[in-house]
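Residue numbers (this note's numbering): 2 to 403.
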């Protein structure tokens with residue numbers, strides 16, 4: 002059930018409850034009026050009959066007026082309270098309206114009306130005294146009744162406000178939970194998109210290069226064709242394996258499935274070499290060999306950085322030499338020691354592709370955007386642009402610790 006249907010059911014329930022309350026109050030005020038009229042004839046037999054009849058008629062009109070007590074409670078309250086100075090049968094209706102004012106209006110509006118009602122009943126006692134009650138007994142009774150009515154109304158008002166606040170808080174919590182769920186789903190989709198691009202983009206680019214080489218060298222020997230087909234088959238299997246790993250990582254709790262890190266960069270370069278690319282790796286920081294370990298998030302980002310650089314170079318400059326350089330910022334110890342550095346700098350530079358100007362690689366926007374997000378998450382900085390020799394340079398600066 003959505004919020005609109007819930008609000009509609011709540012309004013229907015309130016309307017039914019209000020109709021039942023109005024009907025009950027009408028019956029109650031009529032019954033009180035009849036009882037007061039009968040009792041008045043017994044305790045004041047000398048009072049003119051027309052006065053009693055007029056009092057009874059006023060009580061009926063007062064009971065009928067209760068149907069409008071929610072639309073104009075203050076106006077109706079003033080009229081009925083004024084009538085209680087003369088007519089006894091309108092007292093029940095006046096108290097009902099006073100209760101309504103206490104429930105739906107502020108105490109600043111309720112208390113003056115209650116005081117006016119007490120004074121009006123006092124005037125009635127002066128004009129048409131009750132011989133069974135002394136002045137003090139009458140005053141005590143009237144004040145007690147008004148305190149009970151006003152107190153009950155204020156209590157109902159506080160209870161309704163509390164219920165409304167709790168419902169609003171529950172709706173806010175529900176909305177917050179829904180937004181958190183949507184945000185988590187969005188993050189999951191973003192993570193899936195990044196992983197799919199990084200992993201499958203790399204593998205598919207290898208497949209493209211191998212298949213292109215096989216199609217280009219039509220006079221290749223059977224052995225060369227077999228080796229090229231074997232490379233295509235191997236990379237296709239690895240693409241499927243990587244896809245399964247991506248799905249497993251997204252499904253499994255964090256840390257259950259291993260992800261590539263900085264020590265896997267050397268294998269990444271070897272795969273590119275086997276595919277026919279010329280890649281030169283120079284790791285002066287010692288992170289790819291494990292001599293200087295880096296935090297998992299930094300190592301994983303560095304791996305994805307190198308992978309994106311090789312993928313773009315393979316797509317847009319397949320015959321150019323690619324240089325992968327990883328250096329440590331000043332403060333890093335010599336390889337073999339345990340002292341960490343302050344940061345890492347890495348770059349992937351490829352030569353100018355034949356027949357192409359030094360511009361941004363076409364179609365590389367999505368990958369670079371996802372890589373920039375990865376780098377920003379660990380506090381790094383990504384830069385890219387053409388080199389002086391007409392090639393392309395992808396550079397990153399990563400903190401040694403996150």
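Every residue, glycine too, gets a C-beta built ideally from N, C-alpha and C.
- A Cβ-Cβ separation of about 23 Å leaves residue 351 out of contact with residue 329 under the 8 Å criterion.
- Judged by DSSP secondary structure, residue 114 falls within the alpha helix (DSSP H) whose first and last residues are 108-128.
- One alpha carbon belongs to residue 55, the other to residue 132, and they sit about 21 Å apart.
- Secondary structure note for residue 283: its beta strand (DSSP E) is the uninterrupted segment 280-284.
- Counting along the chain, the unbroken beta strand (DSSP E) around residue 394 starts and ends at 393-400.
- At a Cβ-Cβ threshold of 7 Å, residue 91 and residue 37 do not count as neighbours.
- DSSP places residue 87 outside any alpha helix (DSSP H), giving it a letter other than H or E.
- Under the 10 Å beta carbon count, residue 70 is surrounded by 16 or more other beta carbons and is classified as buried.
- In this structure, the CA atom of residue 137 is about 18 Å from the CA atom of residue 86.
- Cβ-Cβ distances below 8 Å link residue 153 to 100, 103 in the same chain, with the five nearest sequence neighbours on each side left out; the list follows chain order.
- Taking a 10 Å sphere around the C-beta of residue 273, we find 16 or more other C-beta atoms and assign the residue as buried.
- Below 8 Å, enough C-beta pairs join the stretch 285-303 and the stretch 371-379 to call them touching: three or more.
- Note on residue 141: under 16 other CB atoms within 10 angstroms of its CB, so exposed under the neighbour-count rule.
- With respect to the C-alpha of residue 385, the residue from 319, 307, 108, 113 having the closest C-alpha is 307.
- Between residue 368 and residue 309, the C-beta spacing is below 7 Å.
- About 20 Å separates the beta carbon of residue 78 from that of residue 58, a gap too long to meet the 8 Å contact definition.
- Residue environment analysis places residue 238 among the exposed positions, since fewer than 16 neighbouring C-beta atoms fall within 10 angstroms of its C-beta.
- About 11 Å separates the beta carbons of residue 23 and residue 65, which is beyond the 8 Å limit, so they are not a contact pair.
- DSSP, read as helix, strand or coil, puts residue 262 in coil.
- The three-state secondary structure of residue 387, taken from DSSP, is strand.
- With a cutoff of 7 Å on beta-carbon distance, residue 325 and residue 349 are scored as near each other.
- Here the alpha carbons of residue 178 and residue 394 stand approximately 44 Å from one another.
- Between residue 296 and residue 402, the C-beta gap is smaller than 7 Å, which places the two residues in contact.
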